[in-house]
Structure formats: structure tokens, C-alpha cells
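J.:
Number of protein chains: 4
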Amino acid sequence: MTALIAQRMQECLDACLRCLKACETCASACLTEPEIDMLRECIRLDRDCADVCALTAQLLMRGSELYAHAARLCAEACARCAEECEQHGRHHQHCQVCAEACRACEAACRAVAA
Amino acid sequence: MTALIAQRMQECLDACLRCLKACETCASACLTEPEIDMLRECIRLDRDCADVCALTAQLLMRGSELYAHAARLCAEACARCAEECEQHGRHHQHCQVCAEACRACEAACRAVAA
Amino acid sequence: MTALIAQRMQECLDACLRCLKACETCASACLTEPEIDMLRECIRLDRDCADVCALTAQLLMRGSELYAHAARLCAEACARCAEECEQHGRHHQHCQVCAEACRACEAACRAVAA
Amino acid sequence: MTALIAQRMQECLDACLRCLKACETCASACLTEPEIDMLRECIRLDRDCADVCALTAQLLMRGSELYAHAARLCAEACARCAEECEQHGRHHQHCQVCAEACRACEAACRAVAA
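See below:
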């Protein structure tokens with residue numbers, strides 16, 4: 001493994017863990033918002049994204065040969081979650097934070113999946 | 001969702017759970033075999049495949065829109081694990097069982113990913 | 001391992017997988033209900049219970065020595081989720097199904113944790 | 001929630017993620033060691049500990065009310081993994097690192113479980 005690939009894997013791992021935390025935080029916060037009716041998709045996508053980030057992080061930690069394939073799935077999960085969270089970012093700080101973590105993770109995943 | 005897609009998702013879910021169990025059983029059994037030295041790859045791939053099957057099953061159960069993307073990753077994990085287990089199937093019953101569960105899961109995943 | 005313990009572990013594994021599916025189904029259905037405002041706790045507890053059931057099932061499949069400790073946590077998760085779902089069971093079929101799966105899983109977990 | 005509890009939960013989360021990474025790294029490294037025959041228990045316990053740490057971290061991130069119960073299971077998983085890794089720490093750097101991460105996580109989990 002080249003130094004560049006190792007560095008990208010490390011950055012991807014860090015981004016996955018940050019995104020996992022942002023998604024869990026956002027879902028829990030959405031579940032307490034008065035306007036929960038508007039946040040159904042957000043809760044749903046947060047959860048999917050969190051679980052996909054958790055698996056991708058674990059595969060990266062163990063040096064699994066599947067990491068690039070997992071990163072492709074993870075980029076997809078992050079893109080969908082980001083798109084939804086961005087629509088609520090003006091009203092909810094947790095959605096704004098989550099959208100940014102998702103976009104960063106999406107980019108890091110695409111870099112290792114390439 | 002058409003009836004055909006719903007049926008394929010159900011078959012994929014069942015196949016993922018069977019494969020998850022076969023991989024966990026195979027990994028644990030490999031860890032007790034006298035010839036563990038030959039089974040390193042098998043233990044490694046069993047674990048990856050089990051974790052990917054677990055996530056794919058959970059996404060299918062919740063009706064996540066990511067299921068087809070997850071199934072693509074899962075088919076890849078199953079194919080690699082099957083290829084390894086098939087090499088040990090003559091000597092170890094658990095590898096034979098696992099290889100068959102992986103091939104069935106790979107096929108079911110490709111059917112929903114299509 | 002005695003035959004009785006092996007049988008209880010198998011029953012617990014089956015109950016965990018059924019409960020996992022019921023919780024995932026219930027959470028996804030709650031997220032589409034008009035009265036989502038009443039179902040916040042249900043969604044939250046469904047998710048925790050699903051994830052704990054998934055881990056407990058995986059530990060049972062691999063014959064982990066931690067299974068009794070995990071079953072203790074799982075019984076707790078199931079009891080809390082059942083208590084909440086039971087309050088909505090008259091109005092929502094998915095909550096009724098989930099409550100029953102949680103109670104069955106709680107009992108099966110207590111049997112192996114003993 | 002008091003500031004002290006919030007701080008302990010944060011420390012526990014950090015310790016779980018560090019332990020998760022150390023366990024995944026240790027298991028993967030053990031699978032490549034010439035003396036794998038001596039490391040069977042280590043691989044097995046690393047895997048259990050990693051999976052329990054991952055769940056505990058995720059429950060802490062989402063502020064689940066189950067966190068103290070999960071931390072109790074996690075402390076048990078860490079203690080068993082640490083005990084095994086400590087026996088190999090003189091020969092394998094990854095076991096030494098893992099044993100220390102497990103002991104730190106065990107302590108952090110006991111602090112939040114109390």
C-alpha cells in the first residue's frame with residue numbers, strides 16, 4: 001500500500017466516525033423537535049447513513065479488502081443524507097452540522113473508492 | 001413496489017441471515033481447527049462477510065432505499081468468502097456449508113441489486 | 001454445553017432475529033404515520049432494541065462466551081421497547097406486533113441470561 | 001444530566017472508539033502472525049470486544065437511555081479481551097496496545113455504568 005492510499009484510508013476513517021456521530025446526534029435531536037413532521041426523511045436517512053458509516057469505519061480499521069466497495073456504498077448514503085439535511089440546515093443546527101459531516105465523508109469515501 | 005421486487009427482497013433477507021449465521025459458525029469453527037494456519041483467509045473473509053450480511057439484512061428489514069447498493073457490496077463480500085471457503089470444503093464441513101450459503105446469498109443479492 | 005442450554009440459545013437467537021425485524025418494521029412504519037408526534041419514543045426505542053438484538057444474535061451465532069451478558073442487555077432493551085409499543089398497539093398493528101416480539105425476546109433472553 | 005455525567009459519557013465514547021480500533025487492528029495482525037496457534041483466543045475476544053465497543057459507542061452517540069446497561073456489557077468484554085492480550089503483550093506490540101486500550105475502556109465503562 002502506498003503512503004497516499006494509507007493517508008486517504010485514515011482520512012476516510014476519521015470522516016466516517018465524525019459522520020456517524022453527526023447522524024446519530026441529528027436523528028436524536030430531530031426526534032425531539034416540535035416540527036418532527038417535516039423531519040421524517042431526515043430521521044430515516046440519518047439512521048441509514050449512521051449504520052453504513054459504522055460498518056465502513058470498522059472495515060477500514062481492520063484493513064479489509066472490501067473497504068473500497070464499502071466506501072462506494074457509504075458515499076451514496078452520505079450524499080442522500082446530506083441532500084435532505086441541507087434542506088433543514090437553516091432551521092436546525094444539528095441538520096447543518098450533519099450535512100457538512102456527510103459531505104466531507106462523501107468526498108473522503110469517493111477518494112478511497114476511486 | 002411490485003410483487004416480484006418484494007419477493008426478491010424477502011428472499012435476499014432470508015439469504016443474508018442464513019449467510020450471516022454460516023459465516024459466524026465457520027469463523028468460530030476455524031478458530032478451533034488444528035490446521036488454523038491454512039484458514040487465516042477464511043476467518044478474515046468470514047468476518048467481513050458476516051458484518052456486511054448483517055447490515056444488508058437490517059437495511060432490507062427497514063425498507064431502506066439503500067438496499068440495492070448494500071446488496072451490491074454484499075454480493076462482493078459473499079463471492080470472496082465463497083471462493084475461499086470452497087478451497088477448504090473437502091476438509092471442513094463448516095467451510096462447505098458456508099460456501100453454499102455465500103453462493104446463495106451472492107445470487108439473491110445480485111437479483112435485488114439488478 | 002448441555003442440550004437444554006443449546007436449545008435455549010437457539011430459541012433466543014430466533015427470538016432476537018424476529019424482534020430485530022419487528023423493531024425495524026415498526027420504526028419505519030412509525031415514520032410514515034400521521035400521528036408521528038405520539039410515536040417519538042417508539043421510534044427511538046425501536047432503534048435501540050433493533051441494534052441490541054442484532055448484536056446479541058451475532059454473538060449467539062458465533063458462540064461467544066459473552067452471550068449471557070449480552071442477553072441481559074437485550075432483555076432490558078426489549079422490556080423498554082415493549083412497554084412503549086404496548087401503549088400504541090390498539091391504534092397501530094406494527095406496534096402490536098413489535099410489542100409481542102419484544103416480550104417474547106425479553107423472555108428468551110432472560111432464560112439464557114439466568 | 002449533570003456536567004460530570006456528560007463528561008464521563010464523552011470519555012467513555014472516546015475510549016470505546018479507541019478500543020474498537022485497537023481490537024480490529026489486533027485481530028487483523030494476529031491473523032498474519034506465524035504463531036497464530038497461540039492467538040486463537042485473542043482473535044476471538046478481539047472480535048467480540050470490537051463489536052460490543054461499536055454498539056456501545058453508537059448508543060452513547062445517540063444519547064440512548066440504555067447506555068449504562070451497554071457499558072456494563074462493554075466493561076465485561078474489555079476485561080476478558082485485556083486479560084488475554086496481556087499474556088501476549090511481551091511478544092506482540094499490537095496485543096500490548098490492545099490490552100491498554102481495553103483496560104482504559106473497561107475503566108471508562110465502569111465509570112458510566114455506576
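Chains as they are written, first to last, in the UniProt record's numbering: chain Y, 1 to 114; chain A, 1 to 114; chain W, 1 to 114; chain S, 1 to 114. Note that CB positions come from ideal geometry on N, CA and C, so glycine has one too. From a predicted model like this one, the values you see are computed outputs, not experimental measurements.
Where residue 57 of chain W and residue 1 of chain W are concerned, what is the direct C-alpha to C-alpha distance, given to the nearest angstrom?
T.: Here residue 57 of chain W refers to the residue found at position 57 of the third sequence. Here residue 1 of chain W refers to the residue found at position 1 of the third sequence. Near 18 Å, if we compare the C-alpha coordinates of residue 1 of chain W and residue 57 of chain W.
J.: Do the segment 20-39 of chain A and the segment 26-44 of chain S touch if we need at least three Cβ pairs shorter than 8 Å?
T.: Cβ pair count under 8 Å is three or more, so yes.
J.: Looking at the structure shown, is residue 33 of chain S part of a helix, part of a strand, or coil, going by DSSP?
T.: Here residue 33 of chain S refers to the residue found at position 33 of the fourth sequence. Reduced to three states, the DSSP call for residue 33 of chain S is coil.
J.: Would the segment 53-70 of chain W count as touching the segment 29-38 of chain W if we require 3 or more Cβ pairs under 8 Å?
T.: Short answer: they don't touch.
J.: Using 8 Å as the threshold, is the segment 75-89 of chain Y in touch with the segment 10-19 of chain A, meaning 3 or more CB pairs across them?
T.: Short answer: they don't touch.
J.: So, with DSSP's three-state summary, where would you put residue 87 of chain W?
T.: For the purposes of this step, residue 87 of chain W is taken as residue 87 along the third sequence, with counting starting at 1. In this structure, residue 87 of chain W counts as coil in the three-state DSSP scheme.
J.: Would residue 31 of chain S be called buried (16 or more neighbouring beta carbons within 10 Å of its own) or exposed?
T.: As a working mapping, residue 31 of chain S is identified with position 31 in the fourth sequence. Residue 31 of chain S is buried by the Cβ-count criterion.
J.: Have a look at Y/6, Y/39, Y/50 and flag the residue whose alpha-carbon is nearest the alpha-carbon of residue 102 of chain Y.
T.: Locating residue 102 of chain Y in the first sequence gives position 102, counting from the first residue. Of the candidates Y/6, Y/39, Y/50, the one whose C-alpha sits nearest the C-alpha of residue 102 of chain Y is Y/50.
J.: Rounded to whole angstroms, what is the Cα-Cα separation between residue 4 of chain S and residue 114 of chain S?
T.: In the fourth sequence, counting from the first residue as 1, residue 4 of chain S sits at position 4. In the fourth sequence, counting from the first residue as 1, residue 114 of chain S sits at position 114. Each residue's Cα considered, the two are about 13 Å apart.
J.: DSSP three-state label for residue 65 of chain A, please.
T.: The count along the second sequence starts at 1 and reaches residue 65 of chain A at position 65. Coil at residue 65 of chain A, not helix or strand.
J.: Please decide whether residue 183 of chain Y counts as near chain A, where near means a Cβ-Cβ distance under 9 Å.
T.: Residue 183 of chain Y is absent from the model: chain Y starts at 1 and stops at 114.
J.: Taking 9 Å as the CB-CB cut-off, is residue 64 of chain W touching chain S?
T.: Along the third sequence, read from residue 1 onward, the residue named residue 64 of chain W stands at position 64. Yes, its Cβ sits closer than 9 Å to a Cβ of chain S.
J.: Ordered along the chain, which non-local residues of its own chain (more than five positions away) have a Cβ less than 6 Å from that of residue 48 of chain W?
T.: What you label residue 48 of chain W is simply residue 48 of the third sequence in a count that begins at 1. Correct list, in chain order: 77.
J.: So the candidates are S/82, S/89, S/60; which of them puts its Cα closest to the Cα of residue 17 of chain S?
T.: The sequence position of residue 17 of chain S within the fourth sequence is 17, counting from 1. Cα-wise, what sits closest to residue 17 of chain S is S/60.
J.: Between the beta-carbon of residue 85 of chain W and the beta-carbon of residue 15 of chain W, is there less than 9 Å?
T.: To locate residue 85 of chain W, count along the third sequence from 1; it is residue 85. To locate residue 15 of chain W, count along the third sequence from 1; it is residue 15. No, the Cβ-Cβ distance between residue 85 of chain W and residue 15 of chain W is not below 9 Å.
J.: Checking contacts by CB at 9 Å: is residue 60 of chain W closer than that to chain S?
T.: Against the third sequence, residue 60 of chain W aligns to sequence position 60. False, the Cβ-Cβ gap to chain S never drops below 9 Å.
J.: Just confirm the distance between the C-beta atoms of residue 55 of chain W and residue 55 of chain S, as a whole number of angstroms; I'd bet it's less than 8 Å.
T.: Taking the third sequence and counting its residues from 1, the one referred to as residue 55 of chain W is at position 55. Taking the fourth sequence and counting its residues from 1, the one referred to as residue 55 of chain S is at position 55. That pair is a contact at about 5 Å.
J.: Do residue 109 of chain Y and residue 82 of chain Y have their C-beta atoms within less than 9 Å of each other?
T.: Numbered from 1 along the first sequence, position 109 holds the residue referred to as residue 109 of chain Y. Numbered from 1 along the first sequence, position 82 holds the residue referred to as residue 82 of chain Y. Their beta carbons are not under 9 Å apart, which means residue 109 of chain Y does not touch residue 82 of chain Y by this criterion.
J.: Expressed to the nearest angstrom, what Euclidean distance is found between the alpha-carbon atoms of residue 95 of chain A and residue 87 of chain A?
T.: Taking the first residue of the second sequence as position 1, residue 95 of chain A is located at position 95. Taking the first residue of the second sequence as position 1, residue 87 of chain A is located at position 87. Distance between the alpha carbons of residue 95 of chain A and residue 87 of chain A: 8 Å.
J.: Would you say residue 73 of chain S reaches chain W, if we count a Cβ-Cβ gap shorter than 9 Å as a contact?
T.: Here residue 73 of chain S corresponds to residue number 73 of the fourth sequence, with the count starting at 1. Yes, contact with chain W.
J.: By the three-class DSSP mapping on this structure, what secondary structure does residue 2 of chain A have?
T.: The count along the second sequence starts at 1 and reaches residue 2 of chain A at position 2. Residue 2 of chain A falls in the coil class under three-state DSSP.
J.: Strictly below 8 Å CB to CB, what residues from chain S border residue 27 of chain Y?
T.: By one-based count along the first sequence, residue 27 of chain Y stands at place 27. In chain order: 62.
J.: Look at residue 6 of chain S and residue 97 of chain S and say whether their C-beta atoms are less than 9 Å apart.
T.: On the fourth sequence, residue 6 of chain S is found 6 positions in, with the first residue counted as 1. On the fourth sequence, residue 97 of chain S is found 97 positions in, with the first residue counted as 1. No, Cβ-Cβ distance for residue 6 of chain S and residue 97 of chain S is not below 9 Å.
J.: Going along chain S in order, which residues have a C-beta closer than 8 Å to the C-beta of residue 37 of chain A?
T.: Within the second sequence, numbered from 1, the residue matching residue 37 of chain A stands at position 37. By Cβ distance, chain S contributes 36, 37.
J.: Helix, strand or coil: which one does DSSP assign to residue 94 of chain Y?
T.: Along the first sequence, read from residue 1 onward, the residue named residue 94 of chain Y stands at position 94. In this structure, residue 94 of chain Y counts as helix in the three-state DSSP scheme.
J.: Going by alpha carbons, who is nearest to residue 39 of chain S out of S/107, S/53, S/91, S/69?
T.: One-based indexing of the fourth sequence puts residue 39 of chain S at position 39. Comparing Cα positions, the closest option is S/91.
J.: Please list, in chain order, the chain Y residues whose beta carbon lies closer than 7 Å to that of residue 31 of chain W.
T.: By one-based count along the third sequence, residue 31 of chain W stands at place 31. Per Cβ cutoff of 7 Å: 40, 43, 44.
J.: Helix, strand or coil: how does DSSP classify residue 114 of chain S here?
T.: What you label residue 114 of chain S is simply residue 114 of the fourth sequence in a count that begins at 1. Looking at residue 114 of chain S - three-state DSSP - the assignment turns out to be coil, as it is neither helix nor strand.
J.: Excluding five sequence neighbours on each side, which residues of the same chain lie with their C-beta closer than 6 Å to the C-beta of residue 99 of chain A?
T.: Residue 99 of chain A sits at position 99 when you count from the first residue of the second sequence. Excluding residues within five positions, the ones whose Cβ falls inside 6 Å are 82, 85, 86, 89.
J.: Let me check understanding here. Comparing Cα to Cα, which of W/68, W/93, W/80 lies closest to residue 111 of chain W?
T.: If you number the third sequence from 1, residue 111 of chain W lands on position 111. For the residues W/68, W/93, W/80, the minimum Cα distance to residue 111 of chain W belongs to W/68.
J.: Closer than 7 Å, Cβ to Cβ, to anything on chain W: give me those residues from the segment 76-87 of chain S, in chain order.
T.: Taking 7 Å as the Cβ-Cβ cut-off against chain W, the residues of the segment 76-87 of chain S that qualify are 76, 77.
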